[in-house]
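J.: In terms of the working numbering, the sequence shown opens at residue 153 and continues consecutively.
My questions will all concern the structure given below.
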Amino acid sequence: MDKQRKVRIMIDEKHQNQKKQKKEIESVLTPIRPIPNNYVNPKKKSLSAFIKAGILALILGSVFGFGMMYIFSDLSPGASPEPSVPSSGVGEEEETNSTPSSIINSEAAEVPVVQLGLFSSKDNAIVLQENFNDFPTVIIEEEANYYLVTASSEENTTIEEKLTELNLEKNEDFIFKDWLTESNDIQPQAQEEWLKEGIDLASQNVGSTNEFKEEIDEWISRAPSEFSDNDYLEQLQNKLSMEENYQEVFQPFVVGTGQLLIQLFIESI
């Protein structure tokens, strides 16, 4: 019995000593300190920083936004938007009348012609041209080549018969083809009315060769000096002056070739 008591006492003392030792160790490792007054919960701190950042971003966005509006909207001090005035059409009509008229347009056209020769030299084309005195011919320059052609204002087989009499063979010495004149947009200028008259002459139906010749002569007499050296205008004047030398059956070629020359002249300016 005494032994059991002694053992219990020894165990209790050992247990007490262990608790005391543990308490001394804990007091060294984790000393108990009072929580300071300025302690802030980390969660509350991050939330506060987020709110502050949002407010700062809102302020900066407003400042830069108004700045950009000031630059691009011309919201300068004292500036006020001008009231829009509905257009009555009167001012537009006056402006139209004060400006030059619209661009002169010469439409493209296909002209039936007889091609009599194709040369790389204009002098050679002139030599062949001198062999044809009974009907008008014209030399056309295109892409460094020179074409000798004649044109009729109506379908006529007389030219084929005449060329056959000259020992020329169709599709070898001469061919029938369509000559395409290009369209041309001419800027308005002082000679606007004169140019429009020429375009009309090149496309109108001619009643008689004499009437057409008179109209062309009168039109050429009013030609501006700036066009005096135009090759097609010069050829036109020369062909009309030789009109009396042409046979009666070739009179339609005077009109056709004359209209072709006017179209070539309009195309060249």
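Every residue gets a Cβ at the ideal spot worked out from N, C-alpha and C, and that includes glycine.
No experiment lies behind these values; they were computed from the predicted model shown.
CB-CB under 6 Å to Tyr298, same chain, minus the five flanking residues each way: which ones, in chain order?
T.: Cβ within range, chain order: Phe271, Lys274, Ala277, Ile291.
J.: Name the two residues that bound the continuous beta strand (DSSP E) containing Gly359.
T.: Per DSSP, Gly359 belongs to no beta strand (DSSP E) and is neither H nor E.
J.: Can you find the residues in the same chain that come closer than 7 Å, C-beta to C-beta, to Phe364, ignoring five residues on each side of it along the sequence?
T.: The answer, listed in chain order, is Val358, Val407, Gly410.
J.: In its own chain, which residues sit with a C-beta less than 8 Å from the C-beta of Glu349, not counting the 5 before and 5 after it?
T.: Trp371
J.: Can you grab the Cα-Cα spacing for the pair Leu280 / Glu400, in whole Å?
T.: 22 Å
J.: Return the first residue and the last residue of the alpha helix (DSSP H) that Glu386 is part of.
T.: Residues 383 to 393.
J.: DSSP three-state label for Leu318, please.
T.: coil
J.: With a threshold of 16 other CB atoms inside 10 Å of the CB of Gln339, please say whether the residue is buried or exposed.
T.: exposed
J.: Whole-angstrom Cβ separation of Glu419 and Ser258, contact assumed at under 8 Å?
T.: 7 Å
J.: Thinking C-beta only, is Thr333 closer than 8 Å to Leu416?
T.: yes
J.: DSSP state of Pro264, grouped into three classes?
T.: strand
J.: To which residues of the same chain is Ser214 closer than 8 Å at the C-beta, ignoring the five residues directly before and after it?
T.: Taken in chain order, the list of residues that qualify is empty.
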